[in-house]
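Heads up, UniProt numbering is the position in the sequence shown plus 27, with the first residue counted as 1. Single-structure report; data block below.
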Amino acid sequence: QSVLKLQNVSIVFHHKHHLPQTLVHHLTLDIRAGETFALVGESGSGKSITALSVIGLLPPSMSVGGERLLFKETDLLQLTEKEHRRLRHKEIAFVFQDYRSSFTPFLTIGKQMVETIQTHLHVKRKIAKELALSALKRVGLPAERAFASYPFQLSGGQLQRAALATALMLRPSLLIADEPSTALDVLSAQHVLALLQKLKQETQCAVLLISHNLNDVLKWADRIGIMYGGMLVEQGDKDCIQHNPQHPYTQLLLQSKPSLSSPPKRLVTIPGEPGLVADQGCPFALRCPYAIDQCHTTPPVRTLIHDHHEASCHLFDVPLEKSTKQEKGLG
Ligand code: SF4
Ligand code: MG
28 QSVLKLQNVS IVFHHKHHLP QTLVHHLTLD IRAGETFALV GESGSGKSIT ALSVIGLLPP
88 SMSVGGERLL FKETDLLQLT EKEHRRLRHK EIAFVFQDYR SSFTPFLTIG KQMVETIQTH
148 LHVKRKIAKE LALSALKRVG LPAERAFASY PFQLSGGQLQ RAALATALML RPSLLIADEP
208 STALDVLSAQ HVLALLQKLK QETQCAVLLI SHNLNDVLKW ADRIGIMYGG MLVEQGDKDC
268 IQHNPQHPYT QLLLQSKPSL SSPPKRLVTI PGEPGLVADQ GCPFALRCPY AIDQCHTTPP
328 VRTLIHDHHE ASCHLFDVPL EKSTKQEKGL G
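As structure tokens, this is what we get:
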């Protein structure tokens, strides 16, 4: 069952004095209940603003458009701000890299959780408190103490766990986790990601996990999408991406993965500067070792490599849109 479905979604930045700039190009992906879809790319590749467009929190200088941006049956592109707000927290929850931003510093965690609950559910304070306490317990925190604490009284890892508890206490269908472990120490980071996995299994929600580090998400994702320069350059099951990467950028990302078992002799760095989002060609063209003339003039289109595994690169130029046989494979 599809929870989030993007079809040719684009996000545009409207400059005051320049022409508008497309930040995300024709993004197409589909996330189902109970699965973790990891969106991976370096900063500026468009992952976070894609997430913000789903939550309805894009800055006013940006606009989202395209064929469809479906959350279950609802087209998010058609929602008013008020309707979008009703979905946030209740149906679409989120945690960010900066765990401090999940709570205001001036109120206890408990008060903030109770407020969120009472905004969306018509329940008495006592019931809301019970809900909050059980959510805190589920993420392994000493519930009563965390409930009564101000944010500064908790460590980063504890605060991120409280943020997860808050995000999931209303049983949303979709959780967006934007770099949830990046600001934490290694141990807390692993705890938070393991916890995310456990909660996902318990609630069967869909998770959109955003990360700049492919290596970090290999363990937790069911499927992976690789973004570069505002384009989803490859997506597929975790195993396909890990063992059979097709796009030159994904291959480079995997080569630059430090190995834990044997210390790296030399880290492979990816040469060149991140390309601008290319309206006229492949955004990776300036750094790609295989680039041909066409790469600088024509944007590549999505091509099906194998079941549910697709890449956008002129090396595989059999456009998906034109091949009905391949289209069937996408489901
Ligand atoms: Fe490289 Fe061209 Fe493929 Fe882009 S389209 S990844 S530049 S070969
Ligand atoms: Mg980001």
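The beta carbon of each residue, even a glycine, is placed where N, CA and C say it ideally should be.
Report the rounded CA-to-CA distance for W247 versus H239, giving the unit in angstroms. About 14 angstroms.
Thinking C-beta only, is S129 closer than 8 angstroms to A78? Going by beta carbons, A78 and S129 fall outside the 8 angstroms limit.
Just confirm the distance between the C-beta atoms of I82 and V51, as a whole number of angstroms; I'd bet it's less than 8 angstroms. Here I82 is actually not in contact with V51; their C-beta atoms are around 15 angstroms apart, not less than 8 angstroms.
Use the C-beta contact count for M254: other C-beta atoms within 10 angstroms, 16 or more gives buried, fewer gives exposed. Flag for M254 reads buried.
Between the region 196-212 and the region 267-275, can you find at least three pairs of beta-carbon atoms closer than 8 angstroms? The region 196-212 and the region 267-275 do not touch, with fewer than three beta-carbon pairs separated by less than 8 angstroms.
Continuous beta strand (DSSP E) stretch holding T63: start and end: 63-67 is the extent of the beta strand (DSSP E) around T63.
Would the beta-carbon of P275 be found less than 7 angstroms away from any heavy atom of ligand 1? Under cutoff, so the answer is yes.
From G256 to L96, what distance separates their C-alpha atoms? Their Cα atoms are separated by approximately 20 angstroms.
When burial is assigned at 16 or more other CB atoms within 10 Å of the CB, is S88 buried or exposed? S88 comes out exposed.
So A221 packs on Q124, CB below 8 angstroms; how close in whole Å? Actually they are not in contact, since the Cβ atoms of A221 and Q124 sit about 18 angstroms apart, beyond 8 angstroms.
Contact set for A318: own chain, Cβ-Cβ below 7 angstroms, skip 5 residues either direction: Correct list, in chain order: A312.
K227 burial status per 10 Å Cβ neighbour count (16 or more: buried): Label assigned to K227: buried.
Where DSSP assigns a beta bridge to V213, which residues make up the other side? V213 is not bridged to any residue.
By DSSP, does Y255 sit in helix, in strand, or in coil? Secondary structure at Y255: strand, using DSSP grouped into helix, strand and coil.
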